[in-house]
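Peer 1:
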Amino acid sequence: MAKAVGEALLRAGNPGRSGHALSIRSARDLFIARERLAELFGCAESSRFVFTENATAALNQAIKGVLRPGDHVVTTSVEHNSVMRPLRRMEEAGVRVTAVPAGKEGVTEARDVIAAFGKATRLVAMVHASNVSGALQPVDAVVAEARRRGILTLIDAAQTAGSLPIDLSSLPVDLLAASGHKGLLGPQGTGFLFVREGVQIVPLIEGGTGSRSESDRQPEFFPDALESGTRNSVGVAGLAVSLAWILRKGVGAIRRGEVALVDLLLRGLSRTPGVTVYGPADPLLCGSVVSFRVEGMDPAEVGVRLEKRSGVLVRAGLHCSPNGHRALGTFPAGTVRVSPGPFTTRAEIATFLSALRKIRAPSG
226 MAKAVGEALL RAGNPGRSGH ALSIRSARDL FIARERLAEL FGCAESSRFV
276 FTENATAALN QAIKGVLRPG DHVVTTSVEH NSVMRPLRRM EEAGVRVTAV
326 PAGKEGVTEA RDVIAAFGKA TRLVAMVHAS NVSGALQPVD AVVAEARRRG
376 ILTLIDAAQT AGSLPIDLSS LPVDLLAASG HKGLLGPQGT GFLFVREGVQ
426 IVPLIEGGTG SRSESDRQPE FFPDALESGT RNSVGVAGLA VSLAWILRKG
476 VGAIRRGEVA LVDLLLRGLS RTPGVTVYGP ADPLLCGSVV SFRVEGMDPA
526 EVGVRLEKRS GVLVRAGLHC SPNGHRALGT FPAGTVRVSP GPFTTRAEIA
576 TFLSALRKIR APSG
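The C-terminal position of the sequence shown is numbered 589 in the working numbering, with every residue numbered one higher than the one before it.
1. Please tell me whether, using a cut-off of 7 Å, the distance from the CB of L410 to the nearest non-hydrogen atom of the ligand NAD is below it.
2. Counting only the same chain and skipping the five closest in sequence on each side, list residues whose C-beta sits under 8 Å from that of I574.
3. Pick helix, strand or coil for M226, following the three-state DSSP scheme.
4. In three-state terms, what does DSSP make of G589?
5. Could you tell me which of P240, T560, I376 sits nearest to H297, measuring between CA atoms?
6. From G589 to A382, what distance separates their C-alpha atoms?
7. Have a look at the DSSP bridge pairing and note the partners of M351.
8. Run through DSSP, which three-state label would H406 get?
9. Among residues of its own chain, excluding the 5 on either side of I471, which ones have a beta-carbon nearer than 8 Å to its beta-carbon?
10. Below 8 Å on the Cβ atoms is my guess for G206 versus G359; work out the distance and round it to an integer in Å.
11. If you follow the alpha helix (DSSP H) that S579 is in, where does it begin and where does it stop?
12. When you compare only the Cα positions, how much space is there between E334 and K344?
13. Compare the C-alpha of G477 against each of G528, P567, F447, V461 and name the closest.
14. Quick one: measure Cβ to Cβ for A465 and R310, integer angstroms, because I've assumed they're closer than 8 Å.
15. Please name the residue in L581, T569, V500 whose C-alpha comes closest to that of E532.
16. From V352 to T555, what distance separates their C-alpha atoms?
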């Protein structure tokens, strides 16, 4: 991936803005990545994938592009701030928001989400897997019922895209957002929003697209409708290479490997004195995220000691999801989060567990 980014940087042109070789090559990089996204997510039309800077930009475009004053939106108490903050902004503009509470393991029941639907409900916004506890949410059942009732659905797949199978030909979600730098293994500064055909969405940003330049009106066709300004063709070239690797490896195989690592983590943490794990105990019920706390220690201190003593990198705190931590009972201190990926080894999990058992020892 890094090599692809470096090569693209040396030959970068502005995609769609000229007929010369560099511009055409950069446009081809975008096209290849778009085609691979369509293949990965089971979509026949790659133009429905709009490139964004990250999942946050994609979620903002989705939320602010479909909601209007008087609309009602249903969400959950385990959402990331990239969903909750835009919703609070829309609430100030006259949108009514219902956040359905999750249970003690951070899982929201489908029946509770569906029970919150009303006549004015325009959108259901749900995270696929909590970025705090890893808990998988019942998106299949919710999306199916919302579809039946004519309610739009938005899924935040930042924690699952590339590491959990998502088939848009069988999951009738209207809007799907994800970052490129997590499970899709691409560079930072990349992400996408999938918009199903027929969904009416107003662009957040309008401007040059390289198409229909004779008009001062934004094009309505995709992806140009939502892709104004110069795209990050350099980053997307790296993403395309990562997507090719994922397609060769297979998301199913990636998922099986990560489930095995999460199982190893959960079993090891359960045998570590003074450690409390938050979220599902079954690795099949969560993404590749495990949160825990060490009795008598601030999560930030745990993170510092793991890095200083053993070179183990974790994330400590509230993980940009204060309501997710409230649902788990870990607010305001938060937790320590471990996130194994497709290149994590069993030996590295063992190193982490060993380091965790040692961190209560006095500092040297």
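Idealized CB from N, CA, C, for every residue including glycine.
Peer 2: Looking at the coordinates:
1. Among the ligands in the structure shown, none appear at all, so the ligand NAD cannot be discussed.
2. For the purposes of this step, residue 574 is taken as the residue at position 349 of the sequence shown. If the five residues before and after I574 are omitted, its C-beta is found closer than 8 Å to the C-beta atoms of L486, L489, L490, G493, P565, all from its own chain and listed in chain order.
3. Here residue 226 is taken as the residue at index 1 of the sequence shown, counted from 1. In the structure shown, M226 sits in coil (DSSP, three-state: anything other than H, G, I, E or B).
4. The residue given as residue 589 occupies position 364 in the sequence shown. Low confidence applies here, because G589 scores a pLDDT of 37, under 50, leaving its location unreliable; read the following figure in that light. Of the three classes helix, strand and coil, the one that applies to G589 here is coil, per DSSP.
5. Counting from one through the sequence shown, the residue named residue 297 turns up at place 72. Sorting P240, T560, I376 by C-alpha distance to the C-alpha of H297 places I376 at the top.
6. As a first step, residue 589 is located in the sequence shown; it is residue number 364 there, counting from the start. As a first step, residue 382 is located in the sequence shown; it is residue number 157 there, counting from the start. Reliability of the predicted coordinates at G589 is poor, the pLDDT of 37 falling under 50, and no value is obtained from them.
7. Taking the sequence shown and counting its residues from 1, one reaches residue 351 at position 126. I380, per the DSSP bridge assignment.
8. As a first step, residue 406 must be located in the sequence shown, where it is residue number 181. Collapsing the DSSP output to three states places H406 in coil.
9. The sequence position of residue 471 within the sequence shown is 246, counting from 1. Cβ neighbours of I471 beyond the five flanking positions: L265, G387, L409, L410, I479.
10. Not covered by the structure: residue 206. The range shown for the chain is 226 to 589.
11. Indexing the sequence shown from 1 puts residue 579 at position 354. It spans 571-583 - the alpha helix (DSSP H) in which S579 sits, taken as one unbroken run.
12. Residue 334 sits at position 109 when you count from the first residue of the sequence shown. Residue 344 sits at position 119 when you count from the first residue of the sequence shown. The straight-line gap from Cα to Cα measures roughly 21 Å.
13. In the sequence shown, the residue the question calls residue 477 occupies position 252. Closest by alpha carbon: P567.
14. Counting from one through the sequence shown, the residue named residue 465 turns up at place 240. Counting from one through the sequence shown, the residue named residue 310 turns up at place 85. Between A465 and R310, the beta carbon gap of about 30 Å keeps them out of contact (Cβ cut-off 8 Å).
15. As a working mapping, residue 532 is identified with position 307 in the sequence shown. Residue nearest to E532 within the set L581, T569, V500 is L581 (criterion: CA-CA distance).
16. Walking along the sequence shown from the start, residue 352 turns up at place 127. Walking along the sequence shown from the start, residue 555 turns up at place 330. Those two C-alpha atoms are separated by around 19 Å.
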